[in-house]
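Some notes on the structure that comes next.
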Amino acid sequence: MKNSSIIYTFLLLSSQLGKIHCASIPKFCQGSSIPCESDSECETTCTYPYDWTASQKPDQSKRLKVFIMMGQSNMMGYGQIEPADRQGTLLYEINQGKYSHLVKSMNSTGHVEWSSRSDVRIVHRNTIIDGNADLQVRWNGEKHAYIGPEIQFGHVVGHIYQNPVLIIKVGTGGRSLGWDFLPRGSQRFSYGTKSYPGHHECPQISKINSYEGSDQECGSCSSSDSEWKNCHLHWTSKEQCLACGVGMKSYAGYQYDMDLENVKDTLSNIEQYYPEYQGQGFDIEGFVFWQGFNDSLFDAYTMKYKENLQRYIETLFEDYQDYPGRKKFLLASVAFGGYDEAHADNSFQGYNQNEKKIFEAQMSVDGEIEAKNEGKVKAIDVRSLWRTHSVSPIRGRRFHYNHNVNTYMDVGEALGWAMINFLNDEHEFQAMPLPTALPSTVPTISSSPTSATCEDDSSYIFEKSPGVYKSCSFLSTSDKVLTMTRRMQYCYSDDNCNSRSLLGMKCRESCGFCEENYNACEAFSQCLDDSTFTFIIKSGKPKDCSWISKSKKPRVVKKRKKKYCSLSDVGEACQASCSTC
Numbered sequence: 001m002k003n004s005s006i007i008y009t010f011l012l013l014s015s016q017l018g019k020i021h022c023a024s025i026p027k028f029c030q031g032s033s034i035p036c037e038s039d040s041e042c043e044t045t046c047t048y049p050y051d052w053t054a055s056q057k058p059d060q061s062k063r064l065k066v067f068i069m070m071g072q073s074n075m076m077g078y079g080q081i082e083p084a085d086r087q088g089t090l091l092y093e094i095n096q097g098k099y100s101h102l103v104k105s106m107n108s109t110g111h112v113e114w115s116s117r118s119d120v121r122i123v124h125r126n127t128i129i130d131g132n133a134d135l136q137v138r139w140n141g142e143k144h145a146y147i148g149p150e151i152q153f154g155h156v157v158g159h160i161y162q163n164p165v166l167i168i169k170v171g172t173g174g175r176s177l178g179w180d181f182l183p184r185g186s187q188r189f190s191y192g193t194k195s196y197p198g199h200h201e202c203p204q205i206s207k208i209n210s211y212e213g214s215d216q217e218c219g220s221c222s223s224s225d226s227e228w229k230n231c232h233l234h235w236t237s238k239e240q241c242l243a244c245g246v247g248m249k250s251y252a253g254y255q256y257d258m259d260l261e262n263v264k265d266t267l268s269n270i271e272q273y274y275p276e277y278q279g280q281g282f283d284i285e286g287f288v289f290w291q292g293f294n295d296s297l298f299d300a301y302t303m304k305y306k307e308n309l310q311r312y313i314e315t316l317f318e319d320y321q322d323y324p325g326r327k328k329f330l331l332a333s334v335a336f337g338g339y340d341e342a343h344a345d346n347s348f349q350g351y352n353q354n355e356k357k358i359f360e361a362q363m364s365v366d367g368e369i370e371a372k373n374e375g376k377v378k379a380i381d382v383r384s385l386w387r388t389h390s391v392s393p394i395r396g397r398r399f400h401y402n403h404n405v406n407t408y409m410d411v412g413e414a415l416g417w418a419m420i421n422f423l424n425d426e427h428e429f430q431a432m433p434l435p436t437a438l439p440s441t442v443p444t445i446s447s448s449p450t451s452a453t454c455e456d457d458s459s460y461i462f463e464k465s466p467g468v469y470k471s472c473s474f475l476s477t478s479d480k481v482l483t484m485t486r487r488m489q490y491c492y493s494d495d496n497c498n499s500r501s502l503l504g505m506k507c508r509e510s511c512g513f514c515e516e517n518y519n520a521c522e523a524f525s526q527c528l529d530d531s532t533f534t535f536i537i538k539s540g541k542p543k544d545c546s547w548i549s550k551s552k553k554p555r556v557v558k559k560r561k562k563k564y565c566s567l568s569d570v571g572e573a574c575q576a577s578c579s580t581c
């Protein structure tokens, strides 16, 4: 592009929908079917469709442009793809006429063949699923149920550049700046009754009067995770931490080190990840960062967030200083809850004071506020891209933006245009032809299963808890009550088992849906003990059914079930306690 006005034209042609506050995108109005607010340069109605796929094949003689995307689970991506009948999923939104640039074709059964961009390559390292491919939804087949901001970010930068583009995406969920990304120079500090580690120290939390442990004391606090986090010792080297930790052995800054190692390995072996690379050289154009939730869970991390974020940015610049490129740092804010429209100043709603403080710290590192970051760091406010659970595929996951694909697509686009704007301050892009309009009609996607066989998707995994992933088999156990409980929790999108969740669509057999008219809530309601029944145990004392499962020791419960539930009268009367429903 020759000047920013041409980029502005591109922006007006954006196909995204939703109310966008102009402050979200520095200097630019985000394309919208609804006029932006307040800022006069954004007061326009953007109604032109934009076909992102109308791009030229990249010129492989030009230098490869590299973008590095980092953060925690929302950067990894929780924009839900299926099912087609659930508002806020990708298939649902495509059915409403949005995002058709992501679809190459659909057959009569609703099977989607996703389009790909040959000019944008993405490499996933240490993410939920590692690998590399041309940019597309489900680049690895059907193995992942979500998309992240990389999809629309890649479409924006891919369309603007004639150069080939490489996106390197690193990291994983549940990570904090106060621990996992803790940068060099961070010192041990105390907060309340706890002591928190400095760079390359551990454990994550120890007692305020903890002292430095020796190698001989390595096993002193390793009997359980809870004891490890309340240790009377601490260690000051990553080698000791890796040797002495429990569970997933770690130290302060471990995730930063892994991200750095993975990116540098990728850049040292580009041909392995980008086969079309011809040794023409590459430039790191920018870092893209979206993170913040896990730090809000700790008052101590929240207090240190601004300090840690600034040091993290400076450490990145130091560690990549020998690589070519302009290396701009761009971050998207936390946005849980969006704007508080009850307040005239559109203040951050959030869900607690810590989240608000994280947001304020993120915005404060912008180069227009922090002088030492001028021209190098940009923070964009994406609060307006929040969607409530009422228009989303799931509720109770506000830390993953209710799995609403619109949020992840919009954040990706906002980051893409903000990065282009940031880079264009000192660079002229090659002009590219305007894209053609989108198709006037979009094929309808069926929400019905495409196969008559009732079985689980063997490649499907889901996040049981932050950082813990399970397959469909987790739902079905030998304990019938536990099975019903898990099915009610995971296989349905509502508390009354009226609607199947995405997981339910993927894990049909393990969710019990192969059985006609099966409903876990109904089955559970019929699984009851006879409250009037008693039986005599070995000591001669009478017991009711609840005694069987009352012990806190699993081995005791298991022993009681084996001994007494095999008796026909007990097994029949104590179905819930015996798990024989």
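Sequential numbering of the sequence shown, starting at 1, is according to full-length UniProt numbering. Ideal Cβ placement from N, Cα and C applies to all residues, glycine included.
Positions of the alpha helix (DSSP H) runs, each at least 4 residues long and wholly inside the stretch 527 to 575, are given as 554 to 564 and 568 to 573 in order along the chain. About 18 angstroms separates the CB atoms of I208 and S186; that is not less than 8 angstroms, and the two are not in contact. Every unbroken stretch of the alpha helix (DSSP H) spanning 4 or more residues and falling wholly within the stretch 310 to 371 is given here in chain order: 353 to 364.
Assignment of beta-bridge partners to W114 by DSSP yields V103. In the three-state reduction of the DSSP assignment, W417 falls in the helix class, which pools H, G and I.
Taking the Cα positions, T532 is about 48 angstroms away from C221.
By the Cβ test, the stretch 72 to 82 is in contact with the stretch 390 to 402, since at least three Cβ pairs between them sit closer than 8 angstroms. The alpha carbon of I160 has as its nearest neighbour, out of V120, M409, K169 and L567, the alpha carbon of V120.
About 7 angstroms separates the Cβ atoms of M70 and F287, confirming a contact at the 8 angstroms cut-off. If the five residues before and after V103 are omitted, its C-beta is found closer than 7 angstroms to the C-beta atoms of I94, V112, W114 and S115, all from its own chain and listed in chain order.
Relative to A371, the option among H389, D215, Q310 and A133 whose CA is nearest is Q310. Within the stretch 118 to 175, the complete beta strand (DSSP E) runs of at least 3 residues fall at 131 to 135 and 165 to 170. DSSP places E374 outside both helix and strand once states are collapsed to three, so it counts as coil. Using a C-beta cut-off of 8 angstroms, the stretch 519 to 531 makes no contact with the stretch 553 to 565, since fewer than three inter-stretch Cβ pairs fall below that distance. In the DSSP assignment, H234 forms a beta bridge with E212. Within the stretch 242 to 301, the complete beta strand (DSSP E) runs of at least 3 residues fall at 282 to 290. The DSSP-derived three-state label of L64 is strand. Of all C-beta pairs linking the stretch 473 to 481 to the stretch 503 to 512, three or more are shorter than 8 angstroms, placing the two stretches in contact. Secondary structure at V382: coil, using DSSP grouped into helix, strand and coil. Secondary structure of R500 (DSSP, three-state): strand.
Per DSSP, V391 lies in no alpha helix (DSSP H) segment and is marked neither H nor E. According to the DSSP secondary-structure assignment, I461 is paired through a beta bridge with S471. With the rule of 3 Cβ pairs closer than 8 angstroms, the stretch 167 to 185 does not count as touching the stretch 233 to 244. Here the C-alpha atom of A361 lies approximately 48 angstroms from the C-alpha atom of E455. Between E212 and Q278, the alpha-carbon positions lie close to 51 angstroms from each other. At the C-beta level, P203 and Y256 stay beyond 8 angstroms of one another.
The shortest CA-to-CA distance from E463 to any of Q489, L482 and E314 is the one to Q489. Secondary structure at G97: coil, using DSSP grouped into helix, strand and coil. Secondary-structure assignment with DSSP links Q80 through a beta bridge to Y146. In the DSSP secondary-structure assignment, S195 is bridged to S190 and S206. For M303, DSSP records no beta bridge to any residue. DSSP, reduced to helix, strand and coil, places C521 within a helical segment of the structure shown.
The stretch 229 to 239 and the stretch 268 to 277 do not touch, with fewer than 3 CB-CB distances between them shorter than 8 angstroms.
In the displayed model, G512 falls within coil according to three-state DSSP, outside both helix and strand.
Residue environment analysis places Q152 among the buried positions, since at least 16 neighbouring C-beta atoms fall within 10 angstroms of its C-beta.
Leaving aside the five residues that flank R395 on each side, the residues in its chain whose CB is nearer than 7 angstroms to its CB run, in chain order, H389 and N402.
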